[in-house]
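Protein chains in written order, with our numbering: chain A, 1 to 211; chain B, 1 to 505. For every residue, glycine included, the Cβ atom is placed at its ideal position computed from N, Cα and C.
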Amino acid sequence: MASKTGQNSTMDFTLLSKYNIPCLPFAFAKNAQDACMHAKKIGFPVALKLISSKVLHKSEHHALSLNLKDEYSVKKEYARLQKLTPPHDPILVQKFSPSTIELIAGGKMDSQFGPTIMVGLGGIYTEILKDVSIRICPAQERDIRSMIAQLKSFPVLKGARGQSGISLSQLAKILHSLSLLMEKEQPAEIDINPLLLTSDGLVAADVRVLW
Amino acid sequence: MVKRKKTKSRPTQKPKKNSGFPNPKPVFFAKKPLSPIHAEGEIKLRKQVQNLSYVFNPSSIAIVGASRNPSKIGNAILRNLIHGGYSGQIYPINPNADIVENLRAYPSLSQVGKKIDCAIICIHAKDVPHALQQAAGAKIPSAVIISGGFAEIGNVHGEMQIKQIANKHDMAVIGPNCMGVLNPQNKVDSVFLPLHKMGRPGAGSISFISQSGAVGGCIVDLAGAQRVGMAKFISYGNGTVINETDLLSYLMHDEKTKSIISYIEGVNNGREFMHAASSLTRKKPLVVLKAGKTSAGSQAARSHTASLSGSAEVFSAAMEQCGAIQAQNLEELFDLAKIFEIPAFLGSKIAVLTNGGGNGVLAADAIEREHLRPSIFSAKTIKQLKKILPPTAHALNPLDIIGDADSARYEACLQLLLEDENVDAIVAIALMQTASLDSSIVNVIARAAHSGKKPIIVVSTGGEYTQLHKKILDDYGVPTFDSPSSAISALAKALKYNIYKHTKP
């Protein structure tokens, strides 16, 4: 349960960094002033996200505000988010990067096979479309290649209808790191959701680790 | 903050040494060591698994529980061995009879006084550990325990006893709660289904391991009826001593076995199974039918990842990863058993030869569905085809040589496809029902297949007359299928395996 609190969310991001999985720049705000300060430092536009044990699926609870372009909107949205939560739950200020493709990546300890990793099409329809593929850790190069190619959305990921796709080698690298993370740290579950395609390549916009 | 730290509940995990924030260096739990899933080379067999050769090739067999009553399992096994053609020594064990089925019976294993390679045990569960102990005392290296009534009904103690005795003496023990083994080569047969009710396949190159005896029996019977040869059949039941992983390792080394099909409800240890399977698939294809696929994510899953990776999805991923081909149902398991009789191929360009239009169209649809490619015949092939074909037929793929085709036309076209470099594999559709096609078509196709130039599979849909000709083709080792879709789906899976085998990890 601990990981659902703010301090551990920092640790979750730290864990990703330790394994060289790129994350969007972020900071935790204690109050509205603080949030504005961080937003300026990170650079507009930013997103605010409520980190609370009460909120598992942020979009369903409207517990996030995206694409905030100035201090005024940061303060306004901060006030709104604060009302949704007990006073001490922190609010995350994060760089907002428009993305064309949303992925989900993660892992879990399976009772039968041990650590596993997963990648799939992200976004609000993840659980409905279930376009995901799984591998057992350690995943070798061939495993990761076939894991990506197995996705129904693979043609979309490669780039379709004039849309530029993701760098498959970068995704493979992230999955390789994730496999290493699962193998070495063995958390019960980890969710990188979403894993966004931005102008800087693929970055983890949110992560949750359960031990 | 401090207070909060103390109240953290971690019911299942070891406690953390300290907490992270704002310390940037996170501290994590002690990790379980992980066994490897990728095999570096061939797996060396431990003594106990090596002893399986006594189960498959015994020079003498004792049957504990060899009853005189023909409705008893022990009697059925004894008669199957005698009448099935097993040529080794047979020792019935029965404390209440001197003679069973015209053979001298012995009151117990220890009183036989001769070398016994394998003991088939079919007595009440409570007496099994004692019999196994006697077998160990008589230095019998292997046993097949048919009897049920162990862990499957909660008798864990009895099962533990079996395990202890077997492990102590390095005995290879199959079962309990199983049908045991069948080796068509030397007619070793512990399957208790009578010969007149369940056919036995001839000797072949497919080995089949099945957790379930019932499913095993059905497939073996089918193989017998359709003339598909088998190398070994093992119904391993509870897998107490020799489990599915051991069997894969053994069959990897077994020279008679060229491909393996399996029916599995659960594996003893997922990572060990993967290790054995990935070692096996470097040499031989493995087909897995996994039953008991529970619903996707458990309700308790907290993350998206966990709810999206249920046990069935993870198992399927594991099989994918170690190069095992997955069958969705029994029909497909059987189809996939046959498909590996064709030579290995690595290209996806498929030619369809047919003497019936609609079946060719169905095949073309299946080719697209399975992400294979239809061959585009070379100019040379087209030129030659035009010489052979009547003006009403087109030299296109699917190649419909129309309903009045005889074996000669079929053969001429088949030869051209064998020579065309744009063809990686051939689906030969033979509608046996036409007036012009006679039985010689069987020889035409078998000859082409045996030339070894290209893989050929046959599709024939129809009744008794058709089935008769299909049987002959299967007997020749040319795989036949009932429909274009099942044939091409099997072909696609064979290609997938071939590519896996040739891809660097």
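Contiguous alpha helix (DSSP H) elements confined to the segment 175-238 of chain B occur at 213-225, taking only those with 4 or more residues.
From the listed residues B:Asp482, B:Arg447 and B:Ala379, the smallest Cα separation to B:Ile429 is found for B:Asp482. At a cut-off of 8 Å between beta-carbon atoms, A:Ser133 makes contact with chain B. Boundaries of the alpha helix (DSSP H) around B:Ile388: Ala379 to Ile388. Chain order gives no chain B residues near A:Asn67, where near means a beta carbon separation below 9 Å; the closest approach is about 23 Å.
Closer than 8 Å to the CB of B:Ile264 there is not a single CB belonging to chain A. Under the DSSP assignment, A:Val74 falls in the alpha helix (DSSP H) whose first and last residues are Glu71 to Lys83. Counted as a single uninterrupted DSSP element, the beta strand (DSSP E) harbouring B:Ile145 occupies residues Ser142 to Ile145. Per the C-alpha coordinates, the member of B:Arg104, B:Ala119, B:Gly217 and B:Ala306 positioned closest to A:Trp211 is B:Ala306. B:Pro33 has a beta carbon lying at 8 Å or more from every beta carbon in chain A. Short of 7 Å from the beta carbon of B:Asp246, and not among the five residues preceding or following it, lie these beta carbons of its own chain, in chain order: Val49. Beyond the five residues adjoining it in sequence on each side, A:Ile166 comes within less than 7 Å, by CB distance, of Ile101, Leu157, Leu197 and Leu202 in the same chain, given in chain order.
It is roughly 29 Å from the alpha-carbon of B:Gly202 to the alpha-carbon of B:Glu411. B:Thr305 carries a helical assignment under DSSP once its states are collapsed to helix, strand and coil. In this structure B:Asn238 is in contact with B:Pro176, their Cβ atoms being roughly 6 Å apart against a cut-off of 8 Å. Exposed is the label assigned to B:Thr392, since fewer than 16 other Cβ atoms lie within 10 Å of its Cβ. DSSP lists A:Gly107 and A:Arg135 as the beta-bridge partner residues of A:Ile117.
Using a 10 angstroms sphere on the CB of A:Ile134, the tally of other CB atoms reaches 16 or more, which defines it as buried.
One thing to note: A:Ala105 has its Cβ within 8 Å of the Cβ of A:Ile192. When rounded, the separation of the alpha-carbon atoms in B:His83 and B:Ser110 is 26 Å.
Secondary structure of A:Arg142 (DSSP, three-state): helix. Judged by their CB atoms, B:Val267 and B:Leu336 are not nearer to each other than the 8 Å cut-off. Taking C-beta separations shorter than 8 Å and ignoring five residues to either side along the sequence, the partners of B:Val442 in its chain run His469, Ile472, Leu473 and Tyr476, following chain order. For the segment 207-224 of chain B, the beta-carbon criterion of a distance under 9 Å to any beta-carbon of chain A is satisfied by none of its residues. About 6 Å separates the beta carbons of B:Leu248 and B:Ala277, which is inside the 8 Å limit, making them a contact pair. Contact of B:His304 with chain A is assigned, a C-beta pair being separated by under 8 Å.
B:Ile116 and B:Pro141 have their C-alpha atoms some 8 Å from each other. Sorting B:Lys284, B:Arg271, B:Asn269 and B:Tyr263 by C-alpha distance to the C-alpha of B:His253 places B:Lys284 at the top.
The beta carbon of B:Phe56 lies closer than 7 Å to those of Val181, Asn183, Val188 and Lys232 in the same chain, with the five residues before and after it left out. Closest in alpha carbon position to A:Leu195, among A:Ala172, A:Met182 and A:Ile128, is A:Ala172.
The beta-carbon distance between B:Pro129 and A:Glu141, rounded to whole angstroms, is 49 Å. This is too long to meet the 8 Å contact definition. Contact between the segment 209-219 of chain B and the segment 85-100 of chain B is absent, with fewer than three C-beta pairs closer than 8 Å.
Between the segment 173-189 of chain A and the segment 61-78 of chain A, the count of Cβ pairs shorter than 8 Å is below three; the stretches do not touch. If only uninterrupted beta strand (DSSP E) runs of at least 3 residues are considered, none is enclosed by the segment 460-503 of chain B. Following the DSSP letters along the chain, one finds B:Asp404 in no beta strand (DSSP E), marked with neither H nor E.
Taking a Cβ-Cβ threshold of 8 Å, the residues of chain A close to B:Thr503 are Arg142, in chain order.
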